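Visitor: With the working numbering, letter number 108 in the sequence shown gets 219, and the count goes up by one each step, no holes. Where is the CB? At the ideal position from N, CA and C, for every residue including glycine. Since the structure is predicted, the reported quantities are computational estimates derived from the model, not experimental observations.
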Amino acid sequence: MDLTFELKKILFILVIAICGHAIALLVKFIHRKVIKKSHNRKKTKWLSFTSLGLSILVFTIYFIAFGQILKEFDVSLTTYFASASVIGLAVAFGSQGVVQDVVTGMTLVFSDLLDIGDLVEIGGQTGYVENITMRFITIKNAHKATIYIPNRTISNVTNYSYGKINYYVDVRLPQEQNKKAITSQIIVEMVGDFEEQYPSYFIGKTSILEPIKTNNKKEIIRIVFKLWPSRYTLIETNFKQELVARIKEHDSSFPDWMITCAAEISGE
112 MDLTFELKKI LFILVIAICG HAIALLVKFI HRKVIKKSHN RKKTKWLSFT
162 SLGLSILVFT IYFIAFGQIL KEFDVSLTTY FASASVIGLA VAFGSQGVVQ
212 DVVTGMTLVF SDLLDIGDLV EIGGQTGYVE NITMRFITIK NAHKATIYIP
262 NRTISNVTNY SYGKINYYVD VRLPQEQNKK AITSQIIVEM VGDFEEQYPS
312 YFIGKTSILE PIKTNNKKEI IRIVFKLWPS RYTLIETNFK QELVARIKEH
362 DSSFPDWMIT CAAEISGE
């Protein structure tokens, strides 16, 4: 057989392979850089559909490209598709885990259990949903680590629809101006220390609100912590105990009950 013809054939096969791979990468790039950034993350149902669809589309691109390569070896496309169906069925029975991944992934999206951008807890892992594919759910946790969870292993999902836990600490201020100023300063220092010491516990910046005056002329400073779910015990124990201890260094008569804590789920 003519050597030039063989070289052209090999070159054509390489072009098909490179083009197929390039198209797949381009589709992924457009989905990641353009589509995701041009829409409100609060309306993410369509993102979940496109993420799952992207996984299927990329598989289809590689499947067609491989078929075109086989065609150059005089393999009929009809035979290729028929063989793929039979082999796929056989593989499905032999690799039920893969089938379970695909079915579970579609179920999660179509049943509104979760969407891209949701804060969820799956199998003890908590984080924001980054991607949904035919095989995996990808979430990013408080430590910025990416976690890949096989769809078939998901037995239950906790969806924190509002995104975070607002944890309130109310501190009643002493009546004396000097003690009031010292207590306010201690609160500011304590909040800064805890944010620096436990950065992975916080999902947003802590707010210290202006003093609130009650009907009976009492003044209260409210601290609003924006926390990852299940992390508020740190505030109930360590923060409150240390805050009381620091205040008592300057005001030994300061009672523990003047500091109260409460949690609230919030989307703000």
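How big is the Cα-Cα spacing for residue 239 and residue 361?
Guide: As a working note, residue 239 is residue 128 in the sequence shown. As a working note, residue 361 is residue 250 in the sequence shown. Those two C-alpha atoms are separated by around 42 angstroms.
Visitor: Would the segment 279-286 count as touching the segment 322-333 if we require 3 or more Cβ pairs under 8 angstroms?
Guide: With the cut-off at 8 angstroms, the segment 279-286 and the segment 322-333 touch.
Visitor: First and last residue of the beta strand (DSSP E) that includes residue 330?
Guide: Here the question's residue 330 lines up with position 219 in the sequence shown. From DSSP, the beta strand (DSSP E) with residue 330 extends over 330-338.
Visitor: Please go through the same chain and pick out, in chain order, the residues whose beta-carbon is closer than 7 angstroms to the beta-carbon of residue 292, but skip the five residues on each side of it.
Guide: For the purposes of this step, residue 292 is identified with residue 181 of the sequence shown, where counting begins at 1. Cβ within range, chain order: n/a, list empty.
Visitor: Could you check what DSSP says for residue 367 in three-state terms: helix, strand or coil?
Guide: One-based indexing of the sequence shown puts residue 367 at position 256. Of the three classes helix, strand and coil, the one that applies to residue 367 here is helix, per DSSP.
Visitor: So the beta strand (DSSP E) residue 224 belongs to, where does it begin and stop?
Guide: Stepping through the sequence shown from its first residue, residue 224 is reached at position 113. Here residue 224 belongs to no beta strand (DSSP E), and DSSP marks it neither H nor E.
Visitor: Considering only C-alpha positions, which residue in the set 134, 248 and 358 is nearest to residue 289?
Guide: Within the sequence shown, the letter at position 178 stands for residue 289. Ranking the options by Cα distance to residue 289, first place goes to 358.
Visitor: Between residue 126 and residue 245, what straight-line distance do the alpha-carbon atoms span, to the nearest angstrom?
Guide: Along the sequence shown, one-based indexing puts residue 126 at 15. Along the sequence shown, one-based indexing puts residue 245 at 134. Using only the alpha carbons, I get a separation of about 28 angstroms.
Visitor: Go to residue 288, then tell me how far its alpha helix (DSSP H) extends in each direction, as first and last residue.
Guide: In the sequence shown, residue 288 corresponds to position 177, counting from 1. Element bounds for residue 288: 288-308.
Visitor: One question on the structure: do residue 345 and residue 309 come within less than 9 angstroms of each other, judged by their Cβ atoms?
Guide: As a first step, residue 345 must be located in the sequence shown, where it is residue number 234. As a first step, residue 309 must be located in the sequence shown, where it is residue number 198. A contact, by the Cβ cut-off of 9 angstroms.
Visitor: Expressed to the nearest angstrom, what Euclidean distance is found between the alpha-carbon atoms of residue 328 and residue 262?
Guide: Numbered from its first residue, the sequence shown carries residue 328 at position 217. Numbered from its first residue, the sequence shown carries residue 262 at position 151. Each residue's alpha carbon lies about 56 angstroms from the other.
Visitor: Compute the Euclidean distance between the alpha carbons of residue 213 and residue 319, then round it to the nearest angstrom.
Guide: Residue numbering aside, residue 213 sits at position 102 when the sequence shown is read from its first letter. Residue numbering aside, residue 319 sits at position 208 when the sequence shown is read from its first letter. Going by the C-alpha atoms only, they are around 47 angstroms apart.
Visitor: Could you tell me the distance, in whole angstroms, from the CA atom of residue 177 to the CA atom of residue 303?
Guide: Counted from its first residue, the sequence shown places residue 177 at position 66. Counted from its first residue, the sequence shown places residue 303 at position 192. The straight-line gap from Cα to Cα measures roughly 58 angstroms.
Visitor: For my contact list, residue 268 and residue 230 are in at a C-beta cut-off of 8 angstroms; report their separation, rounded to the angstrom.
Guide: Numbered from 1 along the sequence shown, position 157 holds the residue referred to as residue 268. Numbered from 1 along the sequence shown, position 119 holds the residue referred to as residue 230. That pair is no contact at about 11 angstroms.
Visitor: Beta strand (DSSP E) containing residue 358: first to last residue?
Guide: For the purposes of this step, residue 358 is identified with residue 247 of the sequence shown, where counting begins at 1. Segment 351-361 is the alpha helix (DSSP H) holding residue 358; no beta strand (DSSP E) there.
Visitor: Please say whether residue 256 and residue 237 have beta carbons closer to each other than 9 angstroms?
Guide: Here residue 237 corresponds to residue number 126 of the sequence shown, with the count starting at 1. Here residue 256 corresponds to residue number 145 of the sequence shown, with the count starting at 1. Contact flag unset, no.
Visitor: Quick check: the Cα distance between residue 342 and residue 370, rounded to an integer number of angstroms?
Guide: Taking the first residue of the sequence shown as position 1, residue 342 is located at position 231. Taking the first residue of the sequence shown as position 1, residue 370 is located at position 259. In a straight line, the C-alpha of residue 342 is about 19 angstroms away from that of residue 370.
Visitor: Output needed for residue 375: all residues of its chain with C-beta closer than 6 angstroms, excluding positions within five of it in sequence on either side, in chain order.
Guide: For this step, residue 375 is matched to residue 264 along the sequence shown. Cβ neighbours of residue 375 beyond the five flanking positions: 277.
Visitor: If I measure Cβ to Cβ from residue 241 and keep anything under 8 angstroms in the same chain, skipping five residues before and after, which residues do I get?
Guide: Translated into the one-based positions of the sequence shown, residue 241 becomes position 130. Closer than 8 angstroms at Cβ, skipping near neighbours: 227, 249, 250, 251 and 257.
Visitor: Per DSSP, residue 72 forms a beta bridge with which residues?
Guide: In the structure as shown, the chain starts at 112 and stops at 379, and residue 72 therefore has no counterpart that could be examined.
Visitor: Quick one: is residue 368 buried, meaning 16 or more other Cβ sit within 10 Å of its Cβ, or exposed?
Guide: Reading the sequence shown from its first residue, position 257 is the one you call residue 368. When all chains shown are included, residue 368 counts as exposed.
Visitor: Could you check if residue 137 is buried or exposed, using at least 16 other CB atoms within 10 Å of its CB as the buried criterion?
Guide: In the sequence shown, counting from the first residue as 1, residue 137 sits at position 26. So residue 137 ends up on the exposed side.
Visitor: Rounded to whole angstroms, how far is the Cβ of residue 284 from the Cβ of residue 314, which I believe are closer than 8 angstroms?
Guide: Here residue 284 refers to the residue found at position 173 of the sequence shown. Here residue 314 refers to the residue found at position 203 of the sequence shown. Not quite, the Cβ-Cβ distance comes to about 28 angstroms (not below 8 angstroms), so this is no contact.
Visitor: Helix, strand or coil for residue 311? Go by DSSP, reduced to three states.
Guide: Here residue 311 refers to the residue found at position 200 when the sequence shown is read from its first residue. It is helical.
Visitor: Just mark residue 323 as buried or exposed, buried being the case when its beta carbon has 16 or more other beta carbons within 10 Å.
Guide: Start at 1 with the first residue of the sequence shown, and residue 323 comes out as number 212. With fewer than 16 other Cβ atoms within 10 Å, it is exposed.
Visitor: CB residue 306 to CB residue 317, shorter than 9 angstroms?
Guide: What you label residue 306 is simply residue 195 of the sequence shown in a count that begins at 1. What you label residue 317 is simply residue 206 of the sequence shown in a count that begins at 1. The answer is yes: Cβ separation under 9 angstroms.
Visitor: With a Cβ-Cβ cutoff of 9 angstroms, do residue 265 and residue 325 count as a contact?
Guide: Position 154 of the sequence shown, counted from the start, is the residue given in the question as residue 265. Position 214 of the sequence shown, counted from the start, is the residue given in the question as residue 325. The answer is no: Cβ separation not under 9 angstroms.
Visitor: Per DSSP, what kind of secondary structure is residue 215 in: helix, strand or coil?
Guide: For the purposes of this step, residue 215 is taken as residue 104 along the sequence shown, with counting starting at 1. If DSSP states are grouped into helix, strand and coil, residue 215 belongs with the helices.
Visitor: Assign residue 321 to one of three DSSP states: helix, strand, or coil.
Guide: The sequence position of residue 321 within the sequence shown is 210, counting from 1. Of the three classes helix, strand and coil, the one that applies to residue 321 here is coil, per DSSP.
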